[in-house]
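Heads up: the structure comes next, in structure tokens.
Protein chains: 2
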Amino acid sequence: MAVSPLALVHEGGTTRIWLGATALTDAASEVALWLAGRRVFVISSAAVRELHREALEGLMGTAAEVVELNVADGENAKTMSTVERLAREMVVAGGKRDSRVITLGGGTVSDVGGFAAGCFLRGIEYGQVPTTLLAQVDASIGGKTGVNLPEAKNSVGLFHQPRWVVSDARFLSTLPARELRQAMFEVVKVGILADPVLFELVESSLADLLTAAPETLARAVERAVSVKVAMVAADEREGDRRRLLNLGHTLGHALETVVGHGRLRHGDAVGHGMLFATTLAEARGLASEDADRIRALLGRLGMAQLPSLKMAPILEAIRRDKKARESGLAWVLPLAIGRAEIADISELTVEKHLASFLKDCLE
Amino acid sequence: MAVSPLALVHEGGTTRIWLGATALTDAASEVALWLAGRRVFVISSAAVRELHREALEGLMGTAAEVVELNVADGENAKTMSTVERLAREMVVAGGKRDSRVITLGGGTVSDVGGFAAGCFLRGIEYGQVPTTLLAQVDASIGGKTGVNLPEAKNSVGLFHQPRWVVSDARFLSTLPARELRQAMFEVVKVGILADPVLFELVESSLADLLTAAPETLARAVERAVSVKVAMVAADEREGDRRRLLNLGHTLGHALETVVGHGRLRHGDAVGHGMLFATTLAEARGLASEDADRIRALLGRLGMAQLPSLKMAPILEAIRRDKKARESGLAWVLPLAIGRAEIADISELTVEKHLASFLKDCLE
Chain U
0 MAVSPLALVH EGGTTRIWLG ATALTDAASE VALWLAGRRV FVISSAAVRE LHREALEGLM
60 GTAAEVVELN VADGENAKTM STVERLAREM VVAGGKRDSR VITLGGGTVS DVGGFAAGCF
120 LRGIEYGQVP TTLLAQVDAS IGGKTGVNLP EAKNSVGLFH QPRWVVSDAR FLSTLPAREL
180 RQAMFEVVKV GILADPVLFE LVESSLADLL TAAPETLARA VERAVSVKVA MVAADEREGD
240 RRRLLNLGHT LGHALETVVG HGRLRHGDAV GHGMLFATTL AEARGLASED ADRIRALLGR
300 LGMAQLPSLK MAPILEAIRR DKKARESGLA WVLPLAIGRA EIADISELTV EKHLASFLKD
360 CLE
Chain B
0 MAVSPLALVH EGGTTRIWLG ATALTDAASE VALWLAGRRV FVISSAAVRE LHREALEGLM
60 GTAAEVVELN VADGENAKTM STVERLAREM VVAGGKRDSR VITLGGGTVS DVGGFAAGCF
120 LRGIEYGQVP TTLLAQVDAS IGGKTGVNLP EAKNSVGLFH QPRWVVSDAR FLSTLPAREL
180 RQAMFEVVKV GILADPVLFE LVESSLADLL TAAPETLARA VERAVSVKVA MVAADEREGD
240 RRRLLNLGHT LGHALETVVG HGRLRHGDAV GHGMLFATTL AEARGLASED ADRIRALLGR
300 LGMAQLPSLK MAPILEAIRR DKKARESGLA WVLPLAIGRA EIADISELTV EKHLASFLKD
360 CLE
């Protein structure tokens, strides 16, 4: 029996999201209708395309023509030049306003491919097939697309919601353990913020999750995506509700800036950030029992150790980050496992707690 | 007494449009509020900026900081590289989500500057100060932004509606007569489509209009803009209503393609296109009296003569244009002065009429 998709209702319509181990099959008939008689551009990296070509073929049967467009793996491909090249290839291949785009791959492909779809002929429809755990629980939900400038990440782009997302759990079996671990910080974050059942699922099944046990992973993805869909639908353009998703990111971003994006991965950085947010929250009344459970789970997940650091540049990066968000977002703090708030905390208090939090690596 | 602006209601809110000889003054207090305490990027060409610096200064008083960004004059500046450069300059100058953009100039500046505003940090608000007649009656209404690819004009961009438009009639006094004449084809087009009073105004005051007599020109702009606002509001994303604005463009585009954009200007091409649409319409029942009035007015406006042409490439270009619009738009035809329809006409009929229409220049 086919499973019904989730529906994310937004300004421009509805995004249908298929999850689980039979997502591709479940979505096939609706995607076929959407593609019928159209030219479709499948944007992917060569490696991902080879890996999943067979799985995707079932979706493509009704398209008038399938055109493959390549994007290199990795953050370096997220540039305006890539968007321009994709658009030129789409023009040359006869792309029109009723042509379709499908992005197949991780966050890079959906960010840059979604942006290309959003500005080609002033916007054509697209669907997403995220093949990494992080893309399934993060990049594919919310319609954020974009590329980097040399001066700033994700600084050019669009809100362009896909018409559908197919997050098939079978894709995840090919992922290396280190990718699963990085993405799991995102899953734990959603549990802390809004879903105690998801938090417990990770607590009780961490080993299974990190070895990509299909059913457990599918359940975790389904819960994480459901929570995000609710948060994004309530608040498409980043009001307070959606901002809760920045738990762990205030210190996390500062650490990435100071240590260097190449040397500290995003998941690890957010892990440290969530640990610190827990410390701040405990000082404001978060029950020690909850704080201990968060610390224990993050400890089992295991963050990469921080190198030797100086306090001043970290505070400076936090200050700049806050200034960049003119609305003054400061700290997202857990109130309990499954609930969080946005709190304004003085710099002095932050510095005091940070000094003790980082004591083992401060120079 | 301040004049109330027009309001164009669209998906994302309302665009307020100030027209007439005191538009800048009338808009000043609302624009001041919109700018208060913000960083504003004024995108313009160096020449236009110098010409209108003083006029604009009255608008800028409340901004926290005014940053000037340059775009070269002319179609060649409408590229992805220009958008990327503008975005980088905005990042470097501290642009944030609550920063503002103002475009000051003709169609190029509003197309490329509006696109930059629409994708910088996934979209920030902008206002338009169109300084050419064509931009006042065309580019500034409807939220179309974009750039060219080497393979196709306006093929990358966004619908991004400005928050406000200030079309001050005083700007038009500095325009050369040849620019006014090109833009007047657009005004006549709107008259034929939807506004008999505007058509009569051009009939009775063509000489004044072509010498930029301020009050007459202001009245023509106001009527043309009002009609377009109604059409765009009814149909933001190019359904049939908005497509009526393509009167004269089916043959016009084909002539531009065959003769070359550099050798035949857009206004002239659309003029020839409208003349031909009138011929087709007459064969389907448009009253000869109306057809004659249209021909007479276009004749007085005077289109650049067409060079020697071959039939086959023109038909081919029309065919390609039709294919590119997958919804199959073919011909917009006047039903009377002030009313038009979209008609599907067989290629054979078109060819027959075109052979006679172009007989003086066919090889």
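As they're listed, the protein sequences go chains U and B. Numbered by numbering that gives the first Met the number 0, the letters in the first sequence go through residues 0 to 362 in order. Numbered by numbering that gives the first Met the number 0, the letters in the second sequence go through residues 0 to 362 in order. Cβ coordinates follow ideal geometry from the N, Cα and C atoms, glycine included. If you're wondering where the values come from, they're calculated on a predicted model, not measured in any experiment.
Look up residue i in the DSSP assignment and say whether it is helix, strand or coil.
| i | result |
| --- | --- |
| Lys227 (chain U) | helix |
| Ser43 (chain U) | strand |
| Val257 (chain B) | helix |
| Val108 (chain U) | helix |
| Pro306 (chain B) | coil |
| Val146 (chain B) | strand |
| Ile191 (chain B) | helix |
| Thr81 (chain U) | helix |
| Arg218 (chain B) | helix |
| Ser98 (chain U) | coil |
| Pro129 (chain B) | strand |
| Val66 (chain B) | strand |
| Thr348 (chain B) | helix |
| Ala212 (chain U) | coil |
| Ala71 (chain U) | coil |
| Leu174 (chain U) | coil |
| Leu103 (chain U) | strand |
| Ala335 (chain U) | strand |
| Ser139 (chain U) | coil |
| Gly251 (chain B) | helix |
| Thr21 (chain B) | coil |
| Glu124 (chain U) | coil |
| Gly284 (chain B) | coil |
| Leu246 (chain U) | coil |
| Arg169 (chain B) | helix |
Write down the C-beta distance between residue i and residue j rounded to the nearest angstrom, noting that I regard them as a contact closer than 8 angstroms.
| i | j | result |
| --- | --- | --- |
| Arg87 (chain U) | Ala63 (chain U) | Contact flag wrong, Cβ pair sits at about 21 angstroms. |
| Pro213 (chain B) | Val164 (chain B) | So it is not a contact: roughly 19 angstroms between Cβ atoms. |
| Leu250 (chain B) | Ile317 (chain B) | 7 angstroms |
| Asp137 (chain B) | Glu185 (chain B) | 5 angstroms |
| Val100 (chain B) | Tyr125 (chain B) | 4 angstroms |
| Arg294 (chain B) | Leu274 (chain B) | 7 angstroms |
| Gly105 (chain B) | Pro195 (chain B) | Actually they are not in contact, since the Cβ atoms of Gly105 (chain B) and Pro195 (chain B) sit about 29 angstroms apart, beyond 8 angstroms. |
| Gly94 (chain U) | Phe114 (chain U) | Incorrect: roughly 15 angstroms between the Cβ atoms, too far for contact. |
| Val65 (chain B) | Val39 (chain B) | 5 angstroms |
| Leu192 (chain U) | Leu133 (chain U) | Contact doesn't hold; Cβ gap of about 17 angstroms is too wide. |
| Thr277 (chain B) | Pro333 (chain B) | 6 angstroms |
Under the DSSP definition of a beta bridge, which residues are partnered with residue i?
| i | result |
| --- | --- |
| Ile16 (chain B) | B:Leu5, B:Val164 |
| Trp330 (chain U) | U:Ala342 |
| Val155 (chain B) | U:Phe119, B:Val146 |
| Leu364 (chain U) | Only positions 0 to 362 of chain U appear in this structure, which leaves residue 364 (chain U) out of reach. |
| Arg38 (chain B) | B:Glu64 |
| Ala316 (chain B) | Partner(s): none; Ala316 (chain B) has no beta bridge. |
Within 10 angstroms of its Cβ, does residue i collect 16 or more other Cβ (buried), or is it exposed?
| i | result |
| --- | --- |
| Ala280 (chain B) | buried |
| Asp343 (chain U) | exposed |
| Gly19 (chain U) | buried |
| Pro4 (chain B) | buried |
| Lys351 (chain B) | exposed |
| Asn75 (chain B) | exposed |
| Pro175 (chain U) | exposed |
| Glu56 (chain B) | exposed |
| Gly284 (chain U) | exposed |
| Val8 (chain B) | exposed |
| His260 (chain B) | exposed |
| Ala46 (chain U) | exposed |
| Lys227 (chain U) | buried |
Cβ closer than 8 angstroms: which chain B residues qualify as neighbours of residue i?
| i | result |
| --- | --- |
| Ser154 (chain U) | Ala86, Val90, Phe119, Leu120 |
| Lys143 (chain U) | Arg121 |
| Phe158 (chain U) | Arg121, Gly122 |
| Ala290 (chain U) | Residues of chain B passing the Cβ test: none, with the nearest at roughly 33 angstroms. |
| Ala151 (chain U) | Val90 |
Any heavy atom of the ligand FMN inside 7 angstroms of the beta-carbon of residue i?
| i | result |
| --- | --- |
| Ser154 (chain U) | You won't find the ligand FMN in this model; it holds no ligand whatsoever. |
Quick one: list the residues of chain B neighbouring residue i, beta-carbon separation under 9 angstroms, in chain order.
| i | result |
| --- | --- |
| Met79 (chain U) | Met79, Ser80, Val82, Glu83, Ala86 |
| Glu64 (chain U) | What Glu64 (chain U) touches in chain B: nothing, since even the nearest Cβ is about 13 angstroms away. |
At a CB-CB cut-off below 9 angstroms, which residues of chain U make contact with residue i?
| i | result |
| --- | --- |
| Leu148 (chain B) | Glu83, Ala86, Arg87, Val90 |
Under 8 angstroms Cβ-Cβ, which residues of chain U neighbour residue i?
| i | result |
| --- | --- |
| Ala168 (chain B) | Ordered by position in chain U, no residue passes the 8 angstroms Cβ test against Ala168 (chain B), which lies about 30 angstroms from the chain. |
Against residue i, what residues of chain U qualify as contacts under a CB-to-CB distance less than 7 angstroms, listed in chain order?
| i | result |
| --- | --- |
| Ala232 (chain B) | The contacting residues do not exist; Ala232 (chain B) stays about 17 angstroms from chain U at best. |
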